[in-house]
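Participant: Sequential numbering of the sequence shown, starting at 2, is according to our numbering.
Heads up, the beta-carbon is just placed ideally off N, CA and C, and yes, glycines get one too.
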Amino acid sequence: MSANPPWSQLQEETHAPLRGFLRSIKKQKDLTFEAILVYGSAARGEFLPGYSNINVLIVLEHITQPVLQQWSGIHKQWAREKIVAPLFLTHKDLQQSSDVFPLEFLGIKEHHVLLEGRDPFPELHVNTANLFLQCRQEVHANLLRVRQNYVEGWGKIEAIQTL
Numbered sequence: 002m003s004a005n006p007p008w009s010q011l012q013e014e015t016h017a018p019l020r021g022f023l024r025s026i027k028k029q030k031d032l033t034f035e036a037i038l039v040y041g042s043a044a045r046g047e048f049l050p051g052y053s054n055i056n057v058l059i060v061l062e063h064i065t066q067p068v069l070q071q072w073s074g075i076h077k078q079w080a081r082e083k084i085v086a087p088l089f090l091t092h093k094d095l096q097q098s099s100d101v102f103p104l105e106f107l108g109i110k111e112h113h114v115l116l117e118g119r120d121p122f123p124e125l126h127v128n129t130a131n132l133f134l135q136c137r138q139e140v141h142a143n144l145l146r147v148r149q150n151y152v153e154g155w156g157k158i159e160a161i162q163t164l
């Protein structure tokens with residue numbers, strides 16, 4: 002465990018589950034990783050106890066079924082504490098995924114907290130050329146969902162108010 006992870010950047014309610022999560026990982030002698038980061042509402046200071054999940058990104062050298070099997074035991078233990086199944090990526094995945102999901106990776110790059118290892122985000126280049134396309138795609142997908150929900154709700158405005 003890092004001597005002093007930047008706990009001050011995280012809300013107090015996330016400290017105990019994340020410290021326990023890290024201890025569980027350290028107990029597994031053959032469990033390796035390159036970095037463990039928190040992202041999402043917990044990293045942005047918007048964590049709502051009892052409502053929000055804790056999002057974790059784990060950078061691995063290689064991702065195989067046996068490696069994921071090892072991590073599944075950790076997840077089983079900590080899912081009860083609102084730590085969702087981690088996002089597992091290699092450095093290659095980070096580069097390739099940042100082009101496909103620029104909006105998500107810009108958000109993670111801007112708001113994350115490194116708990117362990119070496120932070121891959123300072124050197125990650127997110128190509129924003131696809132940003133407009135992704136935003137346009139999401140707006141159109143939401144419009145389609147609104148139309149579907151309106152029809153499924155028999156033309157009642159309440160059917161789309163929860164979207």
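Would the beta-carbon of glutamine 66 be found less than 7 angstroms away from any heavy atom of the ligand NAD?
Facilitator: As far as ligands go, the structure on display features none, and thus does not contain the ligand NAD.
Participant: How long is the line joining the alpha carbons of histidine 126 and alanine 86, rounded to whole angstroms?
Facilitator: The count along the sequence shown starts at 1 and reaches residue 126 at position 125. The count along the sequence shown starts at 1 and reaches residue 86 at position 85. So the alpha carbons of these two residues sit roughly 25 angstroms apart.
Participant: In its own chain, which residues sit with a C-beta less than 6 angstroms from the C-beta of serine 3, not counting the 5 before and 5 after it?
Facilitator: As a first step, residue 3 is located in the sequence shown; it is residue number 2 there, counting from the start. Because serine 3 carries a pLDDT of 45, less than 50, the predicted location of this residue cannot be relied on, and the following value inherits that uncertainty. Counting only Cβ-Cβ distances below 6 angstroms, and skipping sequence neighbours, we find Glu117.
Participant: For glutamate 159 and threonine 65, what's the separation of their Cα atoms in angstroms?
Facilitator: Locating residue 159 in the sequence shown gives position 158, counting from the first residue. Locating residue 65 in the sequence shown gives position 64, counting from the first residue. Their Cα atoms are separated by approximately 45 angstroms.
Participant: Can you tell me where the beta strand (DSSP E) holding tyrosine 40 begins and where it ends?
Facilitator: Position 39 of the sequence shown, counted from the first residue, corresponds to residue 40. Looking at the DSSP string, the run of the beta strand (DSSP E) that includes tyrosine 40 is 36-40.
Participant: Go to asparagine 56, then tell me how far its beta strand (DSSP E) extends in each direction, as first and last residue.
Facilitator: Within the sequence shown, residue 56 is the residue found at index 55, counting from 1. Its beta strand (DSSP E) spans residues 56-60.
Participant: With three or more beta-carbon pairs closer than 8 angstroms as the criterion, would you say the region 107-114 touches the region 77-86?
Facilitator: They do not touch, by the three-pair rule.
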